[in-house]
Amino acid sequence: MTTDKSFLARSFDNMREDAKLQHDIDREHFEAVKGSENADFKEFREAKGFKAKLGVLLNHAERDSTSIRAEQREEYRAMLAQMREDADRHLQ
1299 MTTDKSFLAR
1309 SFDNMREDAK
1319 LQHDIDREHF
1329 EAVKGSENAD
1339 FKEFREAKGF
1349 KAKLGVLLNH
1359 AERDSTSIRA
1369 EQREEYRAML
1379 AQMREDADRH
1389 LQ
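Residues in the sequence shown are numbered consecutively from 1299, following the numbering used here.
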């Protein structure tokens, strides 16, 4: 054997360095996401009870329906209305 590191030793060193770099990148991304809490998620999290959480989700879906193409909008709104009726009927 020579005094140079073997192929496996160099490989493991490279993997260790890459894993540390990836860990640092993942930590930064996690902190960025954690720091920028979405207002919709905050409203959902603060809603108390299953029915309130379902209502928040349906309200957000109805609000977001304006971004759907015009020909699909009525079908989407009808589907949401049906979901709301079904939820109310099952949760009473």
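Virtual Cβ for every residue (Gly too), placed ideally from N, Cα, C.
How many whole angstroms separate the CB atoms of residue i and residue j, which I take to be in contact at a CB cut-off of 8 Å?
i	j	result
residue 1352	residue 1376	About 18 Å separates the two Cβ atoms, so there is no contact after all.
Just to confirm before moving on: does the CB-CB distance between residue i and residue j stay below 9 Å?
i	j	result
residue 1342	residue 1358	yes
residue 1349	residue 1378	no
residue 1325	residue 1356	no
residue 1345	residue 1354	yes
residue 1311	residue 1303	yes
For residue i, does the three-state DSSP call read helix, strand or coil?
i	result
residue 1390	coil
residue 1383	helix
Mind checking whether the beta-carbon of residue i lies closer than 8 Å to any heavy atom of the ligand FAD?
i	result
residue 1303	Looking for the ligand FAD in the displayed structure turns up nothing, as the structure carries no ligands at all.
Measure from the C-beta of residue i to each C-beta in chain D and report whether the shortest distance is under 9 Å.
i	result
residue 1340	As a matter of chain content, chain D is missing from the structure shown, which is built from one protein chain.
| message | In chain order, what are the residue ranges of uninterrupted alpha helix (DSSP H) at least 4 long that sit wholly in the stretch 1300-1376? | response | If you keep only unbroken alpha helix (DSSP H) runs of at least 4 residues inside the stretch 1300-1376, you get 1305-1333, 1337-1344 and 1348-1362.
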